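The structure appears right after this line, and notes come after that.
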Amino acid sequence: QVQLVESGGGLVQPGGSLRLSCAASGSIFSINSMGWYRQAPGKERELVADITRSFSTVYADSVQGRFTISRDNAKRSVYLQMNSLKPEDTAVYYCKIWSGSRPYWGQGTQVTVSS
């Protein structure tokens, strides 16, 4: 059984920062890409950032230059440093990993940007 445990969400003022973490545990042979997605109320889930095992990264245009994704392969963890947060970043953030051809999702963590 594979589990993804996310942490680091919360309430922050516009312009503030948060760091999300996601740790994978269980029967995982290897992890390929790791990523963060988000879903705001009434909207579809969208890719925020993705990082491959060789550390190549992809970002959504809306977060480019403000968010940084990183990973620690030894800890089977992925992180999202979010700076200069805006109200439109408010959403539930989910981590996702690919192990072989199978995707696994975390349970989600709420990020609210509001004054």
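With this note's numbering, the residue at position 98 of the sequence shown is 98, and numbering never jumps.
Heads up, the beta-carbon is just placed ideally off N, CA and C, and yes, glycines get one too.
Every value quoted in this text rests on a predicted model; they were computed, and no experiment measured them.
Discussion item. Does the structure place the region 60–77 close enough to the region 102–113 that three or more beta carbon pairs sit under 8 Å?
Written reply: no
Discussion item. For L85, list the residues DSSP reports as bridge partners.
Written reply: Walking along the sequence shown from the start, residue 85 turns up at place 85. Bridge partners of L85: none, in fact.
Worksheet item: Alpha carbon to alpha carbon, what distance is there between V58 and R76?
Response: Start at 1 with the first residue of the sequence shown, and residue 76 comes out as number 76. Start at 1 with the first residue of the sequence shown, and residue 58 comes out as number 58. Each residue's alpha carbon lies about 19 Å from the other.
Fill in: Start and end residues, beta strand (DSSP E) containing A60
Locating residue 60 in the sequence shown gives position 60, counting from the first residue. No beta strand (DSSP E) contains A60, which DSSP labels as neither H nor E.
Fill in: Pair within 8 Å by beta-carbon distance, S30 and V2
Here residue 30 corresponds to residue number 30 of the sequence shown, with the count starting at 1. Here residue 2 corresponds to residue number 2 of the sequence shown, with the count starting at 1. Against a cut-off of 8 Å, the Cβ pair of V2 and S30 comes out as no contact.
Worksheet item: What residues are listed by DSSP as bridge partners for R102?
Response: Within the sequence shown, the letter at position 102 stands for residue 102. Paired residue(s): S99.
Worksheet item: Should F67 go down as buried or exposed, given a rule of 16 or more other Cβ atoms within 10 Å for buried?
Response: Numbered from its first residue, the sequence shown carries residue 67 at position 67. Answer is buried; the Cβ neighbour count reaches 16.
Fill in: Residue range of the unbroken beta strand (DSSP E) whose run includes I51
Working through the sequence shown from its first residue, we reach residue 51 at position 51. Counting along the chain, the beta strand (DSSP E) containing I51 begins and ends at E46 to I51.
Discussion item. Which same chain residues end up closer than 6 Å to V5 when comparing Cβ atoms and leaving out the 5 residues on each side of it in sequence?
Written reply: Numbered from 1 along the sequence shown, position 5 holds the residue referred to as residue 5. A23.
Worksheet entry | I51 to M34 span [Cα, whole Å] | Taking the sequence shown and counting its residues from 1, the one referred to as residue 51 is at position 51. Taking the sequence shown and counting its residues from 1, the one referred to as residue 34 is at position 34. Rounded to whole angstroms, I51 to M34 spans 5 Å at the Cα level.
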